[in-house]
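Participant: Here the protein sequences line up with chains A and B, keeping their order. Read in our numbering, the first sequence has 208 at position 76, and its numbers run on one by one without any break. Read in our numbering, the second sequence has 37 at position 29, and its numbers run on one by one without any break. Glycine is no exception: its CB is placed at the ideal position from the N, C-alpha and C atoms.
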Amino acid sequence: MKVKVVTNILEANDRLAAENRKIFQDLGVYVINLMSGPGAGKTSILEQTIKATNGRMKLGVIEGDIAGDDDARRIESAGAPVVQINTGGACHLDANMIRVVMDDLPLKDIDLLFIENVGNLVCPAEFNVGEEIKVMLLSIAEGHDKPLKYPLMFQESTALVLNKIDLLPYTNADLEKIKRDSLSLNPKLKIFEVSCKTGQGISDWVDWLLALVKK
Amino acid sequence: MHEVSIVQGLLDIAIENCKKQGYKGIESIKVKIGKASGVMPDALMFAFEAMKPGTMADKAVLTIVEIPVSGYCNSCCSDFTVDDAYVTECPKCGNISLRTDTGRELNIDEMEVF
Numbered sequence: 133m134k135v136k137v138v139t140n141i142l143e144a145n146d147r148l149a150a151e152n153r154k155i156f157q158d159l160g161v162y163v164i165n166l167m168s169g170p171g172a173g174k175t176s177i178l179e180q181t182i183k184a185t186n187g188r189m190k191l192g193v194i195e196g197d198i199a200g201d202d203d204a205r206r207i208e209s210a211g212a213p214v215v216q217i218n219t220g221g222a223c224h225l226d227a228n229m230i231r232v233v234m235d236d237l238p239l240k241d242i243d244l245l246f247i248e249n250v251g252n253l254v255c256p257a258e259f260n261v262g263e264e265i266k267v268m269l270l271s272i273a274e275g276h277d278k279p280l281k282y283p284l285m286f287q288e289s290t291a292l293v294l295n296k297i298d299l300l301p302y303t304n305a306d307l308e309k310i311k312r313d314s315l316s317l318n319p320k321l322k323i324f325e326v327s328c329k330t331g332q333g334i335s336d337w338v339d340w341l342l343a344l345v346k347k
Numbered sequence: 009m010h011e012v013s014i015v016q017g018l019l020d021i022a023i024e025n026c027k028k029q030g031y032k033g034i035e036s037i038k039v040k041i042g043k044a045s046g047v048m049p050d051a052l053m054f055a056f057e058a059m060k061p062g063t064m065a066d067k068a069v070l071t072i073v074e075i076p077v078s079g080y081c082n083s084c085c086s087d088f089t090v091d092d093a094y095v096t097e098c099p100k101c102g103n104i105s106l107r108t109d110t111g112r113e114l115n116i117d118e119m120e121v122f
């Protein structure tokens, strides 16, 4: 006999993500799910953000990687509380992984928590982890074809940070095309051009974060 | 890429429903997968065949219905459906002010039980 089910397959994850979000909101922690391909500079922009914030808000970081704790060490050296998740092969973080580690952070003392997702332009966009917004990072060296090749990531994000902007003269990347295609996928996308190496654009990005958290 | 975790979720929901309603097993499961969901039907099918043995869905057949991306253009006020996994402009008038209605589905629709 036939049984109608009509359930979203990711429902269990979405339910857990909603619970995580409630916990974060009750503690007054604003959470950003930070996503990008490998090597775009997620950890570098977090280091720069911690430095540029200079105590104006308290940051915390959950690091997601397939293996290793290099990123967590870098964040610790930069001066923010951090906890490392090793997914052991999984291509994305999910809500349960966040639930398991959240108590290892001093959440009451954190205004803005970054969840640095596994470097991957596909899967992280599909799994909510309990964040308020998603932000994606794309480095200029990855090329201008990325928005139309990986549309979901651009559609799901509230902001796009274009990193390694200092490399623009040395590549064939068409910055205007990146912006045009990204905005056609997501007209409300807020775009930042930054360089973690030279510091260009970091203060605009940090001002935006401060305004988000104050709200 | 993560079709295994999708299939785990699918099996969990199907088996829970089957048990709750007092049936012995699952004969078939129908899922609706949007073309913009990021899930590849072939990989989903492969993961399902690999993971069903030893569960109540041991002999179950998976049917995947692909849902195209469709929506409404705010500029020319017409409905559209496209073949691609995403849409950046209205296929009729080219405007980018769109609302997408379908294509992101990742749903179990129905199943046959015994």
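Using a Cβ-Cβ distance cut-off of 9 Å, determine whether residue 289 of chain A contacts chain E.
Facilitator: Included in the structure are the protein chains A and B, with no chain E among them.
Participant: Quick one: which chain A residues come within Cβ less than 8 Å of residue 46 of chain B?
Facilitator: For the purposes of this step, residue 46 of chain B is taken as the residue at position 38 of the second sequence. 254, 255, 257, 258 and 284, listed in chain order.
Participant: Just the Cα atoms here: how many angstroms apart are residue 238 of chain A and residue 288 of chain A?
Facilitator: For the purposes of this step, residue 238 of chain A is taken as residue 106 along the first sequence, with counting starting at 1. For the purposes of this step, residue 288 of chain A is taken as residue 156 along the first sequence, with counting starting at 1. C-alpha separation (whole angstroms): 28 Å.
Participant: Determine the DSSP secondary structure at residue 94 of chain B, reduced to helix, strand or coil.
Facilitator: The sequence position of residue 94 of chain B within the second sequence is 86, counting from 1. In the structure shown, residue 94 of chain B sits in coil (DSSP, three-state: anything other than H, G, I, E or B).
Participant: The beta strand (DSSP E) that contains residue 43 of chain B, what's its start and end?
Facilitator: In the second sequence, residue 43 of chain B corresponds to position 35, counting from 1. Run containing residue 43 of chain B: none; DSSP gives neither H nor E here.
Participant: Take residue 122 of chain B and list the residues in its own chain whose beta-carbon comes closer than 7 Å to its own, dropping the five residues that flank it on each side.
Facilitator: In the second sequence, the residue the question calls residue 122 of chain B occupies position 114. 31, 32, 33 and 35, listed in sequence order.
Participant: Rank B:101, B:37 and B:80 by C-alpha distance to the C-alpha of residue 68 of chain B and give the top, closest one.
Facilitator: Against the second sequence, residue 68 of chain B aligns to sequence position 60. That would be B:37, whose Cα lies nearest to the Cα of residue 68 of chain B.
Participant: Quick one: what's got a C-beta closer than 8 Å to residue 47 of chain B's C-beta in the same chain, skipping five residues either side?
Facilitator: As a first step, residue 47 of chain B must be located in the second sequence, where it is residue number 39. Same-chain partners within the cutoff: 11, 14, 41 and 114.
Participant: Hey, does residue 270 of chain A have any beta-carbon neighbour from chain B nearer than 9 Å?
Facilitator: The sequence position of residue 270 of chain A within the first sequence is 138, counting from 1. Judged by the 9 Å Cβ criterion, residue 270 of chain A is not in contact with chain B.
Participant: In chain B, which residues lie with their C-beta within 7 Å of the C-beta of residue 311 of chain A?
Facilitator: For the purposes of this step, residue 311 of chain A is taken as the residue at position 179 of the first sequence. Correct list: empty, because the minimum Cβ distance to chain B is about 13 Å.
Participant: Are the CB atoms of residue 194 of chain A and residue 225 of chain A nearer to each other than 9 Å?
Facilitator: Looking up residue 194 of chain A in the first sequence gives position 62. Looking up residue 225 of chain A in the first sequence gives position 93. Yes, they are a contact pair.
Participant: By the criterion of Cβ-Cβ separation under 9 Å, what are the contact partners of residue 121 of chain B in chain A?
Facilitator: Here residue 121 of chain B is taken as the residue at index 113 of the second sequence, counted from 1. Those within 9 Å of residue 121 of chain B in chain A are 133, 134 and 135.
Participant: Identify every run of the beta strand (DSSP E) within the segment 170 to 258 of chain A, keeping only runs that are complete inside it and at least 3 residues long; order them along the chain.
Facilitator: 191 to 197, 214 to 218 and 244 to 248
Participant: What's the gap between the Cα of residue 248 of chain A and the Cα of residue 294 of chain A?
Facilitator: Your numbering for residue 248 of chain A matches position 116 in the first sequence. Your numbering for residue 294 of chain A matches position 162 in the first sequence. Cα to Cα, residue 248 of chain A sits roughly 16 Å from residue 294 of chain A.
Participant: Taking residue 168 of chain A as the query, report the chain B residues whose CB atoms sit under 8 Å from its CB, ordered along the chain.
Facilitator: Counting from 1 along the first sequence, the entry for residue 168 of chain A is found at position 36. None at all; the shortest Cβ gap to chain B is about 16 Å.
Participant: Using a cut-off of 7 Å between C-beta atoms, extract the partners of residue 139 of chain A located in chain B.
Facilitator: The residue labelled residue 139 of chain A in the question sits at position 7 within the first sequence. Under the 7 Å cutoff, chain B gives 21, 115 and 116.
Participant: Roughly how many whole angstroms lie between the Cα atoms of residue 120 of chain B and residue 134 of chain A?
Facilitator: Here the question's residue 120 of chain B lines up with position 112 in the second sequence. Here the question's residue 134 of chain A lines up with position 2 in the first sequence. Straight-line spacing of the CA atoms in residue 120 of chain B and residue 134 of chain A works out to 4 Å.
Participant: Hey, is residue 97 of chain A's beta-carbon within less than 9 Å of any beta-carbon in chain B?
Facilitator: Any property of residue 97 of chain A remains undetermined from this structure, which presents chain A solely from 133 to 347.
Participant: Is it true that the CB of residue 323 of chain A sits closer than 9 Å to the CB of residue 335 of chain A?
Facilitator: Position 203 of the first sequence, counted from the first residue, corresponds to residue 335 of chain A. Position 191 of the first sequence, counted from the first residue, corresponds to residue 323 of chain A. No. Outside cutoff.
Participant: Would you give the residue range spanned by the beta strand (DSSP E) that residue 25 of chain B belongs to?
Facilitator: The residue you call residue 25 of chain B lines up with position 17 of the second sequence. Here residue 25 of chain B belongs to no beta strand (DSSP E); instead the alpha helix (DSSP H) covers 11 to 28.
Participant: Is residue 347 of chain A helix, strand or coil by DSSP?
Facilitator: As a working mapping, residue 347 of chain A is identified with position 215 in the first sequence. Reduced to three states, the DSSP call for residue 347 of chain A is coil.
Participant: Which partner residues of residue 142 of chain A appear in the DSSP bridge assignment?
Facilitator: For this step, residue 142 of chain A is matched to residue 10 along the first sequence. Paired residues: none, contrary to the question.
Participant: Output yes or no for whether 9 Å exceeds the beta carbon distance between residue 75 of chain B and residue 52 of chain B.
Facilitator: Residue numbering aside, residue 75 of chain B sits at position 67 when the second sequence is read from its first letter. Residue numbering aside, residue 52 of chain B sits at position 44 when the second sequence is read from its first letter. Contact flag unset, no.
Participant: Among the residues of its own chain, which have a CB less than 7 Å from the CB of residue 22 of chain B, if the five just before and after it don't count?
Facilitator: In the second sequence, the residue the question calls residue 22 of chain B occupies position 14. If we look at residue 22 of chain B and ignore the five residues flanking it on each side, its Cβ neighbours are 34, 37, 65, 116 and 119.
Participant: Between which two residues does the beta strand (DSSP E) harbouring residue 117 of chain B extend?
Facilitator: The residue given as residue 117 of chain B occupies position 109 in the second sequence. Taken as a continuous stretch (DSSP letters only), the beta strand (DSSP E) holding residue 117 of chain B covers 114 to 121.
Participant: Would you list the one or two residues that DSSP bridges to residue 270 of chain A?
Facilitator: Walking along the first sequence from the start, residue 270 of chain A turns up at place 138. Residue 270 of chain A pairs with A:294.
Participant: Which of the three DSSP states is assigned to residue 327 of chain A in this structure?
Facilitator: Position 195 of the first sequence, counted from the first residue, corresponds to residue 327 of chain A. Coil.
Participant: Mind pulling the chain B residues with CB within less than 8 Å of residue 319 of chain A?
Facilitator: In the first sequence, the residue the question calls residue 319 of chain A occupies position 187. Chain B residues near residue 319 of chain A: 104 and 105.
Participant: In terms of residue numbering, what span does the beta strand (DSSP E) encompassing residue 166 of chain A cover?
Facilitator: Locating residue 166 of chain A in the first sequence gives position 34, counting from the first residue. Residue 166 of chain A -> beta strand (DSSP E) spans 162 to 168.
Participant: Mapping DSSP to helix, strand and coil, what is residue 311 of chain A?
Facilitator: Within the first sequence, numbered from 1, the residue matching residue 311 of chain A stands at position 179. In the structure shown, residue 311 of chain A sits in a helix (DSSP, three-state: H, G or I).
Participant: Quick one, which of A:214, A:326, A:229 and A:220 has its alpha-carbon nearest residue 242 of chain A's?
Facilitator: Numbered from its first residue, the first sequence carries residue 242 of chain A at position 110. Answer by Cα proximity: A:214.
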